[in-house]
Amino acid sequence: MPHLFRYHRFALLVLVISLTLLTPWAVLAQTDPDARSQQLLDQLENGDPLQQEQASQELVTLASPALLPDLTRIFRVTDNPRPVAAVLGAVGTPAANAVLVGGLADEDLTPQRNAAQLILLEMGVEAVPSLMVGLQNQNSPTRRNAAIVLGFIKSPRAGNSLLRAAQSDEDARVRQEAVWALGEIGEDRMRSALKAISRSDPDPEVRIEAERAVLRVGGGF
1 MPHLFRYHRF ALLVLVISLT LLTPWAVLAQ TDPDARSQQL LDQLENGDPL
51 QQEQASQELV TLASPALLPD LTRIFRVTDN PRPVAAVLGA VGTPAANAVL
101 VGGLADEDLT PQRNAAQLIL LEMGVEAVPS LMVGLQNQNS PTRRNAAIVL
151 GFIKSPRAGN SLLRAAQSDE DARVRQEAVW ALGEIGEDRM RSALKAISRS
201 DPDPEVRIEA ERAVLRVGGG F
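With the numbering used here, the residue at position 165 of the sequence shown is 165, and numbering never jumps.
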């Protein structure tokens with residue numbers, strides 16, 4: 001019996017020591033994700049390309065909307081925006097998608113624009129609502145590039161928004177790309193509207209693009 005009592009006292013002592021040791025680790029486990037996220041963000045911004053890619057892969061698994069302010073800032077200033085764009089695409093909220101659509105604003109094919117286009121294309125139909133908003137952006141290159149990406153995604157959901165842009169956008173280049181995108185989507189219901197554009201648009205390039213789009217939709221001109 002004394003031996004049994006000593007054994008129970010020993011087991012209780014081990015349990016108390018274990019709890020004492022585990023408590024700091026439990027606290028650390030609760031706070032460590034935030035610390036790790038900040039470490040990854042720093043690596044994403046300041047690391048070499050390999051480190052940036054590694055940080056991106058881990059942040060993609062987190063896909064935390066709470067990181068959006070930092071991700072937005074890094075995306076806009078970094079020389080290597082592709083890893084950041086991948087994380088934004090993984091977050092996938094309307095606000096994160098809007099940052100990517102904002103990356104389409106450059107006239108030239110800058111790293112930001114290229115990265116934004118690639119990720120939006122990878123997102124596919126999930127990016128369509130944000131790209132439709134992009135068709136109404138005040139920035140003309142944003143509208144034009146949004147139409148191009150929608151043409152590659154080929155979602156009928158974008159048809160009405162693209163038709164409005166094709167009929168009424170003040171920039172002929174936006175109208176031309178919207179017409180092209182409608183031809184790529186290939187909805188039969190757009191044929192008559194495209195025929196009308198091919199006859200009435202004041203810009204000859206838009207009219208020619210509309211003729212081509214009608215032929216791609218099918219049924220002849």
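Where is the CB? At the ideal position from N, CA and C, for every residue including glycine. Everything numeric in this text was worked out from a predicted model, so none of it was measured.
Cβ atoms of residue j and residue i: under 8 Å apart, would you say?
| i | j | result |
| --- | --- | --- |
| LEU121 | ALA165 | no |
| SER140 | ASP171 | yes |
| SER198 | ARG207 | yes |
| ASN80 | GLN54 | no |
| ALA35 | ALA63 | no |
| MET132 | ALA158 | yes |
| ALA181 | LEU162 | yes |
| ILE148 | ALA127 | no |
| VAL179 | ALA146 | no |
Just mark residue i as buried or exposed, buried being the case when its beta carbon has 16 or more other beta carbons within 10 Å.
| i | result |
| --- | --- |
| GLU222 | What the structure shows of the chain is the stretch from 1 to 221, and residue 222 is not part of that stretch, so it cannot be assessed. |
| GLY183 | buried |
| VAL87 | buried |
| ARG113 | buried |
| THR61 | exposed |
| GLN38 | exposed |
| ASN160 | exposed |
Using only the alpha-carbon positions, how far apart do residue i and residue j sit?
| i | j | result |
| --- | --- | --- |
| GLN167 | ALA105 | 21 Å |
| VAL84 | GLY218 | 40 Å |
| VAL174 | ARG143 | 6 Å |
| ARG216 | ALA210 | 10 Å |
| GLN138 | PRO49 | 34 Å |
| GLY186 | LEU118 | 22 Å |
| ILE17 | PRO65 | Legend: pLDDT at ILE17 = 40, less than 50; position of this residue unreliable, value from coordinates given subsequently. Near 39 Å, if we compare the C-alpha coordinates of PRO65 and ILE17. |
| PRO69 | SER56 | 16 Å |
| GLU177 | ASP201 | 13 Å |
| SER130 | GLY47 | 30 Å |
| GLY103 | LYS195 | 33 Å |
| LEU44 | ASP203 | 45 Å |
| GLY124 | VAL77 | 25 Å |
| PRO156 | ARG191 | 14 Å |
| ARG100 | ALA116 | The displayed chain sequence assigns Leu, not Arg, to residue 100. For LEU100 and ALA116, the distance between alpha carbons rounds to 5 Å. |
| LEU59 | PRO111 | 20 Å |
For residue i, which three-state DSSP category applies?
| i | result |
| --- | --- |
| HIS47 | Checking the displayed sequence, the identity of residue 47 turns out to be Gly instead of His. Three-state DSSP puts GLY47 in coil, outside helix and strand. |
| ALA35 | helix |
| ALA63 | coil |
| ASP203 | coil |
| GLY186 | coil |
| GLY218 | coil |
Within 7 Å: the Cβ of residue i and any heavy atom of the ligand NAP?
| i | result |
| --- | --- |
| LEU88 | As presented, the structure is devoid of all ligands, the ligand NAP included, so that no description of it is given. |
At a Cβ threshold of 8 Å, is residue i touching chain D?
| i | result |
| --- | --- |
| ALA55 | Checking the listed chains, one finds no chain D in this structure; it contains a single protein chain. |
Just to confirm the assignment: which complete alpha helix (DSSP H) runs, minimum length 4, are found wholly within the segment 153 to 180? 159 to 168
Counting only runs that start and end within the segment 78 to 143, where is the alpha helix (DSSP H) found for 4 or more residues in a row? 82 to 91, 94 to 102, 111 to 123 and 128 to 134
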